[in-house]
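Below is one structure, written out as C-alpha cells; comments come after it.
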Amino acid sequence: RTKGEGRNGYRFYEAEMDERIEARRALSTELRGALDRNEFLLYFQPIVTKEGRIRAFEALVRWNHPKRGFVSPADFIPLAEETGVIIPMGEWILQQACVIAAAWPSDISVAVNLSPIQFRHSDLVLLVNSALQESGLAASRLELEVTESVFLEATPAIKTALVKLRERGVRLSVDDFGTGYSSLSYLRRLAFDKIKIDQCFVRDLPHEQSGAAIVRAIIDLATSLKMTVIAEGVETEAQRRCLLSLGCHELQGYLFSRPVPAEEANVLASQQGLRRGKIQAA
Ligand code: C2E
Ligand code: MG
Ligand code: MG
Ligand code: MG
Numbered sequence: 056r057t058k059g060e061g062r063n064g065y066r067f068y069e070a071e072m073d074e075r076i077e078a079r080r081a082l083s084t085e086l087r088g089a090l091d092r093n094e095f096l097l098y099f100q101p102i103v104t105k106e107g108r109i110r111a112f113e114a115l116v117r118w119n120h121p122k123r124g125f126v127s128p129a130d131f132i133p134l135a136e137e138t139g140v141i142i143p144m145g146e147w148i149l150q151q152a153c154v155i156a157a158a159w160p161s162d163i164s165v166a167v168n169l170s171p172i173q174f175r176h177s178d179l180v181l182l183v184n185s186a187l188q189e190s191g192l193a194a195s196r197l198e199l200e201v202t203e204s205v206f207l208e209a210t211p212a213i214k215t216a217l218v219k220l221r222e223r224g225v226r227l228s229v230d231d232f233g234t235g236y237s238s239l240s241y242l243r244r245l246a247f248d249k250i251k252i253d254q255c256f257v258r259d260l261p262h263e264q265s266g267a268a269i270v271r272a273i274i275d276l277a278t279s280l281k282m283t284v285i286a287e288g289v290e291t292e293a294q295r296r297c298l299l300s301l302g303c304h305e306l307q308g309y310l311f312s313r314p315v316p317a318e319e320a321n322v323l324a325s326q327q328g329l330r331r332g333k334i335q336a337a
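Last residue of the sequence shown: number 337 in full-length UniProt numbering, and the count goes up by one each step with no gaps.
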C-alpha cells in the first residue's frame, strides 16, 4: 500500500464512520417517537415440552418502521439501551405481553426479556406488579429472561429485586447461558428457575463433539441445581433428538415455529387447548 492509498483509504473509512454515526443518530431520534406512534409490536415464539406441547411463548419485540420496514431488535435494543428509550419501551412490552398472555389457556406461560438497564433504572417489582394486576395474569405464568450481564454488577438492589420477584411467584430464567459473564457463582447466590442454552451451542449439534460436551455439562449442572433447561435455536430434527438424549427439558426454535404475531399465537394456544394436540416437528 502506498502512502496515497493509505490516506484515501483512511479518508474513505472516516467518511463511512461519519455516515454510520449519522445513521445511528437518525435512528435514535426515530426510536424516541416510535413508542408514541405505536410502531412496536410483539411477536411470540413457542417454547415446547419434550413431547412437543406448547408450554410457553417468548415475547419478542419488533419495530415496524414506516420506511425501513421491520428493524431487528439486535439493531435497535442496544440503541434503546443507550438512549434510555428501553425504560418506557420495556414497560410497554411487559404490560402488552401480560395482557396478551392472559387470554391463553391457563397452562401456557409468557416469557419476557428484560434489559439490564431496566434493573438499574426502574422499579421492576412495581412494574411487574402493576402489569400482573392490570392484565389479571397469574404471577406463575410470567417468566422473566435476564442475561448473565445483569450479574456483572449484581448490586444489593438488583439482588433484592430478583428475590422479591421470585417471592411474588414470577419465574426467572438466565438467557443466552454460557455466552456472557462466565463465573457460575451467581447461580449459588441467586435463585433461578430456568436456564436457556444459547443457540451458538445448539447450532453445531449433533456433529460437533465439543459443542455436545458443553451442552451436556450445562444440562447436568442445571439439573442438579433443580433448574429447567431450555435449548434455543433448535432448527433440525437431529438437533432435537440430540438435545433430548442429553436430557434437555424444553425446546425452542424454527423447527417448531418462527416467532409469530399475537393473533397467530392466540390461534396456536387455543388449538392446543381444544385438541390437547402438539406442534408437529416440521
Ligand atoms: P433472545 O432473547 O435470545 O431471543 C432469541 C432470538 O433467537 C430471537 O431473535 C429469535 O427470533 C431467534 N430464534 C429463535 N429460534 C431460532 C432458530 O431456530 N434459529 C435462529 N437462527 N434464530 C432463532 P430476535 O427476535 O431477533 O431477538 C434477538 C434478541 O433481541 C433477543 O435474543 C433478545 O436479547 C433481544 N430482544 C428481543 N425482544 C426483546 C424485548 O422485548 N426486550 C428486550 N430487552 N430484549 C429483546
Ligand atoms: Mg430471550
Ligand atoms: Mg437467548
Ligand atoms: Mg440471544
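We put the beta carbon where it would ideally sit given N, CA and C, even for glycine.
For residue 248, the CB contacts under 7 Å within the same chain, skipping 5 residues up- and downstream, are 226, 227, 228, 282, 283 in chain order. Here the distance from the Cβ of residue 119 to the nearest heavy atom of ligand 1 is not below 8 Å.
For residue 253 against residue 234, the beta-carbon gap comes to about 5 Å, under 8 Å, which counts as contact. Ranked by how close their Cα comes to the Cα of residue 155, the residues 277, 278, 193 have 193 in first place. The stretch 86–98 and the stretch 302–316 touch, with three or more beta-carbon pairs separated by less than 8 Å. Separation of residue 270 and residue 70 (C-alpha to C-alpha, rounded to the nearest whole angstrom) is 44 Å.
Pairing residue 214 with residue 116, the inter-Cα distance amounts to about 26 Å. Cα atoms of residue 310 and residue 268: separation of roughly 22 Å, rounded to the nearest angstrom.
Under the 10 Å beta carbon count, residue 197 is surrounded by 16 or more other beta carbons and is classified as buried. Contact annotation, residue 306 with residue 286: C-beta distance approximately 5 Å; criterion of less than 8 Å satisfied.
At a Cβ-Cβ threshold of 9 Å, residue 152 and residue 167 count as neighbours.
In chain order, the residues that have a beta carbon nearer than 5 Å to some heavy atom of ligand 2 are 168, 200, 230. As a beta-bridge residue in DSSP terms, residue 114 pairs with 99, 167. For residue 228, the enclosing beta strand (DSSP E) covers residues 226–232. Residue 113 has its Cβ nearer than 8 Å to a heavy atom of ligand 1. For residue 253, the Cβ falls inside the 8 Å cut-off from some heavy atom of ligand 3.
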